[in-house]
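Residue numbers (this note's numbering): 21 to 294. What follows is a set of notes on a single structure, which appears directly below.
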Amino acid sequence: FQSTPYPLSSQYSDIVSSSVVAILKRDPRRIIFIREKLFGQQLPISLRQFIWTECLLRFEKKPFDYDLSFVELQTRREFAAGVTRGKTELKLINPSHSPVSNLIENAVIETYSKVHALHPYLEEHHLRFTIKILNVLYTYKKDYEPYFIYWLLPFQLSYRDEKNKDEEIYVIAMHLDLFVRHCFPKWGNVFTIASKIMTDLSTNDAEFYDHLKTISKIRTKVNPKDFVTEIISLESKQSGSATQYAKELMSDPVIFLRKWIGESLISSKLSNLT
21 FQSTPYPLSS
31 QYSDIVSSSV
41 VAILKRDPRR
51 IIFIREKLFG
61 QQLPISLRQF
71 IWTECLLRFE
81 KKPFDYDLSF
91 VELQTRREFA
101 AGVTRGKTEL
111 KLINPSHSPV
121 SNLIENAVIE
131 TYSKVHALHP
141 YLEEHHLRFT
151 IKILNVLYTY
161 KKDYEPYFIY
171 WLLPFQLSYR
181 DEKNKDEEIY
191 VIAMHLDLFV
201 RHCFPKWGNV
211 FTIASKIMTD
221 LSTNDAEFYD
231 HLKTISKIRT
241 KVNPKDFVTE
251 IISLESKQSG
261 SATQYAKELM
271 SDPVIFLRKW
281 IGESLISSKL
291 SNLT
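Shown next as structure tokens:
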């Protein structure tokens, strides 16, 4: 059985979307009304691009009199300059081939192979495109984490540009960087959210809570590479013992909640991309 991606828009929704975007470009203040009315709904491509870009740029720099065009131009120039600077510092011929290129390639292939929600996109050209974007992002910010793979896909689906594939790589990498820096909660907040979920579960569904605690101790052989650096390093310091860390942390279901939050619950996001 070969799964296929869900369509994200239709011909009619694209026409309406383009009209709405044209109105918003003339009067961007109306975007607040649009966001309120369409919150939680799947958005057509062009409208999604406009709203996502507007939100991300407002986190980056406060625009003057709702004029986002200058902010976007300036942000693109700064990102391009950062990539050029990183390319020079890392002595690269191509920013899409960074020093961690092999690590990224292996992680992308492994992630798309093992996560069922990603199987519709398990194609060579998509994987190569994903690898290039993550390498460009590394060249820019000297940082890579496995969860970037999950966060990247919605931007790939939303900012496609078949006419200019080379520029598309940098545009998507830039938007992902804005999201990483401005939109995701700090890891301390992720820990708090996960702990609260477990506390609520113990109160409202004690039977299921006990079941999770029991089965998590049956199979404690977990690959630490599946977890982000922040979770591993912080918990390791708190445990004070590598042995205690291995036995207690990796058999606690709360760490999997932290992992899933860090990956943005990709299955849910893809089934209702907004």
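Cβ coordinates follow ideal geometry from the N, Cα and C atoms, glycine included. The structure displayed is predicted, hence computed values, not measured ones.
Excluding sequence positions up to five before and after His117, its CB lies within less than 7 Å of the CB of Asn155, all in the same chain and listed in chain order.
The alpha-carbon separation between Leu67 and Val40 amounts to approximately 7 Å.
For the 8 Å CB-CB criterion, Pro273 and Ser215 do not form a contact. Leu142 is positioned such that its CB atom lies closer than 8 Å to that of Tyr132. A check of alpha carbon separations from Ala137 across Lys185, Tyr170 and Gly106 identifies Tyr170 as the nearest. The Cβ atoms of Thr150 and Lys107 lie no closer than 8 Å to each other. Secondary structure within the stretch 68-140: the alpha helix (DSSP H) runs of 4 or more consecutive residues, fully enclosed, are 88-109 and 121-134 (chain order).
Taking a cut-off of 8 Å on C-beta distances, the stretch 46-55 does not touch the stretch 170-180, as fewer than three cross pairs fall below it.
In the structure shown, Tyr158 falls within a helical segment according to DSSP collapsed to helix, strand and coil. When the beta-carbon positions are compared, Phe79 and His195 stay at least 8 Å from each other. Within the stretch 199-247, the complete alpha helix (DSSP H) runs of at least 4 residues fall at 207-224 and 226-235. Under the criterion of beta carbons closer than 8 Å, Glu188 and Asp197 do not qualify as touching, at roughly 15 Å. The three-state secondary structure of Pro48, taken from DSSP, is helix. If you ignore the 5 residues before and after Pro119, its C-beta comes within less than 7 Å of the C-beta of Leu110, all in its own chain and listed in chain order. In the assembly as shown, Ala127 is a buried residue. Its beta-carbon has 16 or more other beta-carbons within 10 Å. Remark: C-beta atoms of Glu283 and Tyr164 do not approach each other more closely than 8 Å. Val91 is positioned such that its CB atom lies no closer than 8 Å to that of Leu76.
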